[in-house]
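Residue numbers (the working numbering): 644 to 747. Even glycine gets a Cβ: it sits at the ideal position worked out from N, Cα and C. Below: the structure, in structure tokens.
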């Protein structure tokens, strides 16, 4: 596993998530409509955006933890058992903290 490539992948995804979260926050900060029917529809949309934002924040935390492991020199090692995380798993999930055996 090329750690520098993994780091660049993680940083790119982090930048993408950060930009999207800022856009979501801006959208949630928009003034609400005075019409109650429009306000109801907007609230439903806001709930979806809030849920998406929560998922993206969780992914951002995982990416930050993976970048910390890169900096510490422990990237690619399972945080639970210390074994090696398969390169194919890291290519698919670059922020993966656990090997396949520890996930199950």
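- Between the C-alpha atoms of residue 652 and residue 691 there is a straight-line separation of about 27 angstroms.
- For the options 725, 730, 698 and 737, the alpha carbon positioned closest to that of residue 709 is the one of 737.
- Cβ-Cβ distances below 6 angstroms link residue 726 to 742 in the same chain, with the five nearest sequence neighbours on each side left out; the list follows chain order.
- Selection 677, 696 and 723 evaluated against residue 747 yields 723 as nearest (Cα-Cα).
- Pairing residue 667 with residue 695 gives a Cβ-Cβ distance under 8 angstroms.
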